[in-house]
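Residues in the sequence shown are numbered from 122 upward in steps of one, following the numbering used here. For reference, the structure discussed in these notes is given below.
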Amino acid sequence: MKRLSTLSAICLALLVTATSYAEEEKGFKPLFNGKNLNGWVQNGGKAEYNIVDGTIVGTSVPKTPNSFLCTKKMYDDFELQVDFKVDPLLNSGIQIRSNVYDEDKVLETKDADGKEKKIKIPAGRVHGYQVEIDPSDRAWSGGIYDEGRRGWLNNLADNKAAQKAFKQNEWNHYRIVCRGDSIKTWINGVPAADLKDDLTPKGFIALQVHGVGNHPEKVGKQVSWRNIKIKELNPKKKVKNNKPAPKKEVGAAIGGNKATPIDRISAAKGFKVELLYSVPGVDQGSWVNLCTDDKGRLLVSDQYGGLYRVTIPPAGEEVKAEDVEKVPAGIRGVNGMLWSDGALYVGVNDYERKIASGLYRISDSNGDDQLDQVELLQEVESHSDHGVHALMPTPDGDAFYLVTGNNTIPPTLADSSPVRQVWGEDHLLPSMPDGRGHNRGVLAPGGIIYRVSPDGQKFEAYASGFRNIFDAAVNRDGELFTYDADMEYDFNTPWYRPTRICHVTSGAEFGWRNGAGKRPPFYEDNLPGVLDIGPGSPTGMTFGYGAKFPAKYQNALYALDWSWGKLYAIHLKPEGSSYTATKEEFVTGAPLPITDAIIRPQDGAMYFTIGGRRVQSGLYRVTYVGDELTEPVEAVVNESEARATRHALEAF
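Structure, rendered in structure tokens:
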């Protein structure tokens, strides 16, 4: 009996192992069929590529540049796994998200000091990210080199574990994961490189044989690859249009897409959350921004696509597929929206660079109730998702505030800018840069909130020194608030600065600097935050004005955290010329990658979206169903003597 039990246990273990392996392999496809090089093309030099026993073998030849065996297909987000073996005298690499042009081109980028730099890329030159194969004593295999452009982006000088993981004269295994602006590598299961960079979001994969010049000892040396397989992480394929799941399970789901169900979301006492619509991601993308038009319809934006208009049904009904229509305007990458004077003003942050980032105006060209006319008011250069974000009217109604992150290049500023262009890192001693190669060349002034004329021709820097601010909001006193990001690689360092609510005043500096150079809040030449929140990823903000909520929540400032799935109610209290604050978790969920929230004046409800970075999106509504009064709070401006004095000083 004991022997049978042992045998059963062994069989069960084998079954579990096989099942786990099958699950791990799910979604992977071979890049190389083991027989021929169909689907591949050679670029660059004349090194020889042959197939030997189901393995691709590259052999160096003299007097030829770097050679590349390239996939014909282009890939953006993926996981690549490959085994390789290299001769100790030969250098090699695996190109990812790489390109080659038919004619000369000039690439505009930045050097390590943040200065503008132009790189000429000759026709026929393979360029892009390379996962290094380095059998030398340096042992940087798994590091990331920018072939034909910027050189080393993430070497392994400080990663001794990865250096030791490489096996000389043996087969090694790479795992490479590209998702958005993140590139991570592992060598033989050991973490190697971890890079944040958005210069090239898509390209081919290539196997490199490095040029050996006229060194006879390196001629005829070989590098081999086998077991090459890839899993695309955002395959653009049609999904089966299944019937919606039961309402009690997911609310209004469309097709196979399911947003976070209500039973995984909690709200403050007396409040009710409804899932109105689960966004079909293949067709309508991942939603990041909200506003209402003059008819009370919601306008929403797909982070990597266009705009949609949602007609809100009566209370108690769900949003149906026919209630969501594509806006015909030729626009994409909208991260901020404001309806003003019969038109939609948007902040575009298209870091895939298919259109210019900046400030746009979208209008109805012929009165048919369709937004179809797009006008670029001012281009604003930005890189990554730390770029051009939200829009809101200034208290006087004469201009807009435009919110931007620290990867935005300031446009030409008016002489009247409260922030003067005298910024710098201002370090007396050398400063440690941002960790893991992340944004090492991104320096002062950091994120800026601009005051912009409605025609986009006058830009004033209103306040600076933020890291990555996505939204802001103005209270009844005419005071501006924003929610700034932390730097996740700074965790457990003395210079870590948590996400925080900031009271943004004219001409203010908030002290973000690269790496260890962040200014402590007690420095006199920068302002502290009003309230530290903690680790997170700040997104939308709004005040509760116009909501049919109890008075406390009508006056609250709402701040959204994408990564931790929290919608905070921030309760501000005037003190001196500024404010103090406390926070309350108003809505929380898991997962709840919350992106934006607004109060819809037509029904006094809060609407919020989840989504961003191509995750599943949903549209939700928050209403109050408790016993407290929800009468509108009287709009009273509290102008203290200290604040009046501050305003008088700011006028200078």
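By construction, the Cβ of each residue, glycine as well, lies at the ideal position given by its N, Cα and C atoms.
Apply the 10 Å Cβ neighbour rule to residue i and answer buried if 16 or more other Cβ atoms are within range, or exposed otherwise.
i, result
"Asn560", "buried"
"Asn335", "exposed"
"Pro753", "exposed"
"Met195", "exposed"
"Glu268", "buried"
"Gln284", "buried"
"Ile719", "buried"
"Arg271", "buried"
"Val769", "In the sequence as presented, Val is not what sits at residue 769; that position holds Ala. That one is exposed."
"Gly508", "buried"
"Leu750", "exposed"
"Val162", "exposed"
"Ala327", "buried"
"Lys393", "exposed"
"Ser538", "buried"
Report yes if the C-beta distance between residue i and residue j is below 8 Å; otherwise report no.
i, j, result
"Pro659", "Ala582", "no"
"Val455", "Ser478", "no"
"Val409", "Gly451", "no"
"Trp261", "Leu274", "no"
"Asp319", "Asp302", "yes"
"Leu498", "Asp576", "yes"
"Leu396", "Tyr728", "no"
"Gly733", "Ser407", "yes"
"Val448", "Leu411", "no"
"Ile265", "Leu316", "yes"
"Phe521", "Tyr466", "yes"
"Ile386", "Gly710", "yes"
"Asp225", "Lys323", "no"
"Ile622", "Val651", "yes"
"Trp633", "Phe587", "yes"
"Asp592", "Gly661", "yes"
"Trp683", "Ile715", "yes"
Spatial neighbours of residue i within its chain, please: C-beta separation below 6 Å, excluding the five flanking residues on both sides.
i, result
"Ser188", "Gly165, Gly166, Ala168, Val330"
"Ala637", "Ser552, Met553, Trp616"
"Glu705", "Ala690"
"Glu144", "Because Glu144 carries a pLDDT of 39, less than 50, the predicted location of this residue cannot be relied on, and the following value inherits that uncertainty. Hits under 6 Å: none found."
"Arg742", "Glu395, Leu397, Ala726, Tyr728"
"Gly599", "Pro516"
"Ala130", "The predicted position of Ala130 is uncertain, since its pLDDT is 43 and thus under 50; a value taken from the coordinates is nonetheless stated next. Within the same chain, Ala130 has no close Cβ partners at all."
"Thr306", "Val252, Gly263, Ile297, Ala313, Ala314"
Closest to residue i by C-alpha separation, out of the options, would be which residue?
i, options, result
"Trp346", "Leu480, Asn171, Asp267", "Asn171"
"Val252", "Ala286, Asp611, Ser213", "Ser213"
"Asn759", "Gly272, Glu696, Val625, Leu740", "Glu696"
"Ile691", "Phe602, Val182, Val394, Phe729", "Phe602"
"Ser585", "Asn527, Gly562, Gly655, Val394", "Asn527"
"Asn487", "Arg474, Val227, Ala464", "Ala464"
"Asp444", "Leu740, Ala772, Ser761", "Leu740"
"Gly628", "Ile570, Arg618, Lys669", "Ile570"
"Val524", "Glu446, Asp506, Ala535, Gly518", "Asp506"
"Leu549", "Ala668, Pro382, Arg640, Lys147", "Arg640"
"His510", "Leu534, Tyr481, Pro322, Lys226", "Tyr481"
"Glu291", "Glu224, Lys350, Phe205", "Phe205"
"Glu645", "Lys193, Phe631, Asn635", "Phe631"
"Asp174", "Asn157, Val162, Val182, Val247", "Asn157"
"Pro671", "Tyr700, Arg735, Glu755, Ala593", "Glu755"
"Arg474", "Gly426, Ile654, Pro539", "Gly426"
"Asp485", "Asp415, Asp536, Leu564", "Asp415"
"Glu771", "Phe612, Val540, Tyr610, Gly567", "Val540"
"Thr614", "Val247, Asp555, Glu439", "Asp555"
In its own chain, which residues sit with a C-beta less than 8 Å from the C-beta of residue i, not counting the 5 before and 5 after it?
i, result
"Asp748", "Gly391"
Consult DSSP for residue i and reduce its assignment to one of helix, strand or coil.
i, result
"Tyr105", "Lying before the first or after the last residue shown, residue 105 is absent from the chain, which here runs from 122 to 773."
"Ala690", "strand"
"Gln578", "coil"
"His294", "strand"
"His548", "coil"
"Arg474", "coil"
"Ile715", "strand"
"Leu211", "coil"
"Gly166", "coil"
"Lys281", "helix"
"Ala388", "strand"
"Val746", "coil"
"Lys317", "strand"
"Thr381", "coil"
Closer than 7 Å by C-beta to residue i: which residues in its own chain qualify, once you throw out the five before and the five after it? Chain order, please.
i, result
"Gln289", "Pro209, Pro256"
"Tyr674", "Gly665, Ala668, Ala690"
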